[in-house]
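Scroll down for the structure; my scribbles are underneath it.
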Amino acid sequence: MRTLRSWLLRLAGAAPSRRREEDLTRELESHVEIHIDEQVRAGADPAEARRQALIQLGGMEPAKARLRDQARFRWLDDLMIDLRLAIRLLGKSPAFAAVAAGSLAVGIGANVALFAVVNSLLLRPLPYDHPENLVEISMPAPAPVQDLNRAASFSGVAAFIARGFPVHGDGESRNLYGYRVTPNLFQVLGVNAMVGRTFNPGGETARVAMISFDHWQRISGEPGVLGRTMTIADESYTIIGVTPPDFALVARDGQLFVPYPVTEGRIVGRLKPGVTMAQAEAEAAGIDKALHRDGADSPVPRRVRLEPIADAYRPGDAGALFLLQAAVGLVLLITCANTANLMLVRSIGRSREFAIRAALGAGTSRIVRQALAEGALLAAIGGGLGLLLAQWSLGFVSSSLPANIGRYLRGAHGASIDHRVIFFTVAASACATLLFGLTPAIQILRFDLLTRIRDSGASWAPGRQKLGQWLVTAEIALALVLLVGVGVTLKSLAGLRKQYLGFSPVHVLRVPVNLLPSRYPRAEQRLEALREMTGRIRALPGVETVGMVAPQYFPFGGPRVRGAPFEIEGKPGAGARAEVYDASPDYFRAVRIPLLRGRFFNESDNAAAEPVAIISNVVARRYWGSEDPIGRRVRFPSAGAAGPFASIVGVVGDVRNPVGPDVQPIAYRPLFQQDGTMGVFMIRTVPAPLTIAPAVRKALLEADPGGMSFRAADLESAVSDYLSPQQFVTSTLGVFASAGLLLAAMGVYGVMRYWVGSRTQELGIRLALGAQPGGILSMVLRQAGRSALAGVACGILGALSLQRVLSSQLYGVSPADPAVIASVSLLMAGVALLAAFLPARRASRIDPSVALRQ
43 MRTLRSWLLR
53 LAGAAPSRRR
63 EEDLTRELES
73 HVEIHIDEQV
83 RAGADPAEAR
93 RQALIQLGGM
103 EPAKARLRDQ
113 ARFRWLDDLM
123 IDLRLAIRLL
133 GKSPAFAAVA
143 AGSLAVGIGA
153 NVALFAVVNS
163 LLLRPLPYDH
173 PENLVEISMP
183 APAPVQDLNR
193 AASFSGVAAF
203 IARGFPVHGD
213 GESRNLYGYR
223 VTPNLFQVLG
233 VNAMVGRTFN
243 PGGETARVAM
253 ISFDHWQRIS
263 GEPGVLGRTM
273 TIADESYTII
283 GVTPPDFALV
293 ARDGQLFVPY
303 PVTEGRIVGR
313 LKPGVTMAQA
323 EAEAAGIDKA
333 LHRDGADSPV
343 PRRVRLEPIA
353 DAYRPGDAGA
363 LFLLQAAVGL
373 VLLITCANTA
383 NLMLVRSIGR
393 SREFAIRAAL
403 GAGTSRIVRQ
413 ALAEGALLAA
423 IGGGLGLLLA
433 QWSLGFVSSS
443 LPANIGRYLR
453 GAHGASIDHR
463 VIFFTVAASA
473 CATLLFGLTP
483 AIQILRFDLL
493 TRIRDSGASW
503 APGRQKLGQW
513 LVTAEIALAL
523 VLLVGVGVTL
533 KSLAGLRKQY
543 LGFSPVHVLR
553 VPVNLLPSRY
563 PRAEQRLEAL
573 REMTGRIRAL
583 PGVETVGMVA
593 PQYFPFGGPR
603 VRGAPFEIEG
613 KPGAGARAEV
623 YDASPDYFRA
633 VRIPLLRGRF
643 FNESDNAAAE
653 PVAIISNVVA
663 RRYWGSEDPI
673 GRRVRFPSAG
683 AAGPFASIVG
693 VVGDVRNPVG
703 PDVQPIAYRP
713 LFQQDGTMGV
723 FMIRTVPAPL
733 TIAPAVRKAL
743 LEADPGGMSF
753 RAADLESAVS
763 DYLSPQQFVT
773 STLGVFASAG
783 LLLAAMGVYG
793 VMRYWVGSRT
803 QELGIRLALG
813 AQPGGILSMV
823 LRQAGRSALA
833 GVACGILGAL
843 SLQRVLSSQL
853 YGVSPADPAV
863 IASVSLLMAG
873 VALLAAFLPA
883 RRASRIDPSV
893 ALRQ
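Under my numbering, the first residue of the sequence shown carries the number 43, and numbering increases by one thereafter.
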């Protein structure tokens with residue numbers, strides 16, 4: 043330990059304190075003796091000469107202090123000397139500097155660009171006042187916000203719910219995505235308007251609205267927008283304020299904020315100083331219990347939960363970004379290993395230089411510092427270029443993100459370079475310096491340079507080859523880990539695409555409609571409008587079947603839905619849950635959901651008829667087992683505790699979310715027995731769905747001339763886009779793995795090329811003594827094969843250790859899939875041997891007479 047400490051101190055330009063004091067004393071005494079000798083030769087008395095010398099120095103101790111201060115800053119002078127020398131040396135090797143700095147710039151730039159996205163999504167503080175005091179309150183049932191506002195644990199509680207707003211103006215109608223919010227929301231969040239004012243926390247007496255900064259820039263960008271009216275759902279609203287550029291509620295694409303007495307949606311509360319989340323959660327649970335005493339004995343557990351708002355507003359697919367950040371980090375490690383190999387080759391060519399410098403008095407620590415200075419300079423250049431590359435590519439990276447992640451990065455809060463990203467760049471450059479800069483330094487420390495002045499660079503070959511082969515082994519292992527990740531995610535994606543979802547999206551056109559309550563105030567009017575629209579679409583050429591469903595845009599819900607509780611007549615303790623959809627009679631035929639028992643809905647299942655329902659097969663098996671559920675009765679939450687039961691008239695096939703682990707429990711109600719204002723047409727067509735989209739839009743506008751603009755989509759394409767996060771992860775991992783594979787192949791080629799070059803004389807002698815070219819070829823390939831096999835073995839262990847990281851991104855595939863690991867291992871070994879083949883062929887064709895003359 044003492045030797046190691048001394049070596050580290052020498053490397054840092056320092057020495058142990060006792061030795062430093064001895065050096066300072068000897069230096070001063072030598073100075074004094076020289077002065078005394080000069081004075082004595084001039085005829086002065088020795089004692090007087092010593093006294094005069096000490097007077098000039100100001101005393102031994104003050105002189106020591108001055109020298110100590112000078113030594114304290116000597117390291118800076120040494121550093122500047124090392125950097126100047128590094129600049130001159132790299133300037134003499136522009137090709138090496140360009141290749142090393144360029145590869146580092148690409149590796150660091152990719153890491154920085156992805157980290158900028160991670161930073162914006164997960165690390166940057168939310169744009170609220172003291173967000174650490176904000177929590178999201180999850181209640182098991184809708185609760186009036188005013189009751190929670192009376193809780194002693196909160197200084198304020200607000201709520202909001204996302205929705206689309208039909209906005210009319212400038213001769214067109216369109217949907218603006220926004221939120222209904224309680225009037226006190228902005229006060230609870232601690233956010234002020236950038237232009238105008240926020241809502242009055244006590245409530246607004248007039249119809250007012252706030253718009254986002256982005257929407258303000260699109261429509262005006264001038265303060266004169268305040269007081270302007272906009273028509274929302276056929277009602278006039280006055281714009282009173284503009285939110286700050288970085289303001290967002292969960293996602294960053296909200297454009298409109300309207301005050302409304304929200305009782306559902308997401309609830310946010312601000313904790314009072316000194317109140318813990320556990321205390322606030324207990325008080326909120328007491329409020330829920332008091333509001334819903336009738337549910338105290340319910341078999342469905344009632345759970346009030348508080349969560350920090352930073353966690354609650356985190357994107358659900360953010361885990362994929364961490365996986366990609368780790369993958370691009372592996373690419374940087376491979377890049378560093380390749381750069382280390384380059385520096386090793388270069389250091390061998392400079393062995394005579396190092397030896398001469400050592401003979402002239404340069405210590406080993408000084409030579410090591412010089413090698414580190416060159417590495418640091420390369421890393422600094424690579425880091426600077428990488429930062430510029432990341433800044434240039436941020437727009438492309440953000441646009442390549444899947445929609446469910448990209449919508450969190452819009453506007454002023456998008457991915458950008460800030461102090462965290464710059465610190466990350468510096469840290470990545472510093473790590474790169476240590477990873478590849480220390481490699482030649484370690485090689486230098488292994489040799490006595492003074493005894494090798496007469497040796498050529500080839501004398502370093504065995505040691506360098508061993509270290510270089512270890513670096514290549516590491517490259518192969520890291521590349522194999524990336525390739526295994528690509529293989530299992532690709533297999534998972536292929537399985538997701540092939541799985542049967544329980545319906546057929548092929549040749550289905552999806553068209554959402556939204557009926558304005560101001561135009562259709564009564565339920566009968568809305569249902570009649572939907573019937574007219576259905577009839578007009580059905581009459582179009584090329585239309586096979588027209589169905590309608592609400593409220594989902596897909597035949598399935600979210601990936602992990604549990605459904606809402608519903609009551610089964612005669613089974614009060616069943617704890618039944620299911621998603622509840624409203625469907626028209628032809629909906630099941632339009633999307634090809636099969637009927638297993640009973641019947642579909644028909645036109646007679648209207649508001650005047652007895653309530654009926656259809657359930658999916660998983661609901662039937664879960665709550666009735668082998669019994670026939672047809673004729674049994676259930677009551678859904680929307681009917682209320684005293685509402686009528688609905689009779690089950692049919693059982694249909696199960697549907698699943700493309701990325702969901704299980705089939706989804708679903709119950710269907712007749713659309714024409716409900717009182718909804720929106721729905722989604724599912725139109726099965728004979729030709730390609732989008733070819734008849736213009737005719738469908740025209741028919742809908744004829745039925746509802748003042749209605750919204752209708753956005754049609756191909757359901758098959760929409761389901762495919764639903765897999766965009768998995769596609770993004772797979773394609774991005776594929777790019778990283780390809781880069782890693784190429785770098786690993788370059789590393790194998792470089793090491794084997796140097797190995798052949800350093801042993802040219804030996805190989806020539808072997809050939810002169812009768813060795814066959816095939817034997818030389820196999821010998822070189824065996825050398826490469828050992829590194830490849832070691833790298834494959836380490837890579838397999840690394841891939842197996844990452845099972846937990848990959849498992850969250852896979853569906854139906856094990857992270858340790860044997861077929862994928864075997865295929866990737868064979869590919870990696872084959873590429874390594876192929877990269878070694880060219881140097882091996884060169885070795886087998888060496889002319890013995892030429893080799894012996896070298």
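Just so it is clear, CB atoms sit at the ideal spot from N, CA and C, and this is done for glycine as well. Keep in mind the model is a prediction, meaning the values are calculated, not measured.
Tell me which residue opens and which closes the alpha helix (DSSP H) that residue i is part of.
| i | result |
| --- | --- |
| phenylalanine 228 | 227-231 |
| alanine 193 | Run containing alanine 193: none; DSSP gives neither H nor E here. |
| threonine 467 | 461-474 |
| phenylalanine 598 | From DSSP, phenylalanine 598 is part of no alpha helix (DSSP H); its letter is neither H nor E. |
When DSSP labels each residue in this structure, what does residue i get in the three-state scheme?
| i | result |
| --- | --- |
| asparagine 161 | helix |
| glutamate 586 | strand |
| tyrosine 796 | helix |
| asparagine 234 | coil |
| isoleucine 610 | strand |
| tyrosine 629 | helix |
| alanine 897 | Residue 897 lies beyond the residue range present for the chain, which begins at 43 and ends at 896; the question has no answer from this structure. |
| phenylalanine 545 | coil |
| glycine 337 | Its pLDDT being 46, under 50, glycine 337 is placed unreliably in this model, and the coordinates cannot settle the point. |
| valine 203 | One point to set straight first is that residue 203 is isoleucine, not valine, in the sequence displayed. Residue state, collapsed to three classes: strand. |
| histidine 172 | coil |
| asparagine 644 | coil |
| aspartate 87 | coil |
| leucine 218 | strand |
| alanine 620 | strand |
| leucine 313 | strand |
| aspartate 889 | coil |
| proline 444 | coil |
Rank the options by C-alpha distance to the C-alpha of residue i and give the top, closest one.
| i | options | result |
| --- | --- | --- |
| alanine 830 | Ala275, Asn217, Ile518, Arg578 | Ile518 |
| glutamate 758 | Arg639, Ser658, Tyr595, Tyr791 | Tyr595 |
| isoleucine 838 | Leu313, Val160, Ser407, Val523 | Val523 |
| glycine 640 | Arg619, Thr318, Ala662, Trp797 | Ala662 |
| glutamate 246 | Val230, Gly599, Val223, Val237 | Val223 |
| glutamate 570 | Arg552, Tyr629, Asn648, Ala620 | Asn648 |
| leucine 443 | Trp434, Leu572, Gln433, Ala457 | Ala457 |
| leucine 121 | Pro583, Val300, Ser407 | Ser407 |
| proline 607 | Ala620, Ala781, Pro601 | Ala620 |
| leucine 819 | Ile423, Ser886, Gly263 | Ser886 |
| isoleucine 725 | Pro583, Gln768, Arg846, Asn659 | Pro583 |
| arginine 411 | Pro597, Thr475, Ser441 | Thr475 |
| proline 169 | Ile203, Tyr355, Gly133 | Tyr355 |
| alanine 415 | Gln706, Pro747, Ile129 | Ile129 |
| cysteine 836 | Gly266, Thr515, Ala618 | Thr515 |
Go to residue i, then tell me how far its beta strand (DSSP E) extends in each direction, as first and last residue.
| i | result |
| --- | --- |
| glycine 640 | 637-640 |
| glutamate 349 | 347-350 |
| leucine 551 | 550-556 |
TODO: Note down, one range per segment and in chain order, each alpha helix (DSSP H) of at least 4 residues found wholly within the segment 657-733.
DONE: 659-666
- [ ] Inspect the CB distances between the segment 616-627 and the segment 708-719 and report whether three or more fall short of 8 Å.
- [x] yes
Task: 4 or more residues per run - each alpha helix (DSSP H) lying fully within the segment 236-311 - done: 255-261
- [ ] Would you check if the segment 467-479 and the segment 165-180 touch, i.e. whether three or more CB-CB distances between them fall below 8 Å?
- [x] no
Open item on the list: Does the structure place the segment 796-810 close enough to the segment 519-538 that three or more beta carbon pairs sit under 8 Å?
Closed with: no
Open item on the list: Contact between the segment 686-695 and the segment 533-541 is defined here as three or more beta-carbon pairs at a separation below 8 Å; is this criterion met?
Closed with: no
TODO: Tell me, please, whether the segment 123-136 touches the segment 409-429 by the rule of three or more beta-carbon pairs shorter than 8 Å.
DONE: yes
Task: At least 3 beta-carbon pairs within less than 8 Å: the segment 204-211 vs the segment 273-280 - done: yes
- [ ] Kindly confirm or deny that the segment 663-682 and the segment 578-596 touch, where touching means at least three C-beta pairs closer than 8 Å.
- [x] no
- [ ] With a floor of 4 residues, list each alpha helix (DSSP H) that falls wholly inside the segment 760-810, ordered by position along the chain.
- [x] 766-800, 802-810
Open item on the list: Tell me whether the segment 718-725 and the segment 554-573 touch, counting them as touching only if at least three CB pairs, one residue from each stretch, are closer than 8 Å.
Closed with: yes
- [ ] Count the CB pairs spanning the segment 760-778 and the segment 839-847 that are closer than 8 Å, and state whether there are at least three.
- [x] no
- [ ] Count the CB pairs spanning the segment 147-164 and the segment 281-294 that are closer than 8 Å, and state whether there are at least three.
- [x] no
- [ ] Could you tell me which uninterrupted alpha helix (DSSP H) segments, each at least 4 residues in length, are contained entirely in the segment 124-156, listed from first to last along the chain?
- [x] none
Open item on the list: List, from N- to C-terminal side, the alpha helix (DSSP H) runs of 4 residues or more that fit wholly inside the segment 804-861.
Closed with: 815-843, 845-849
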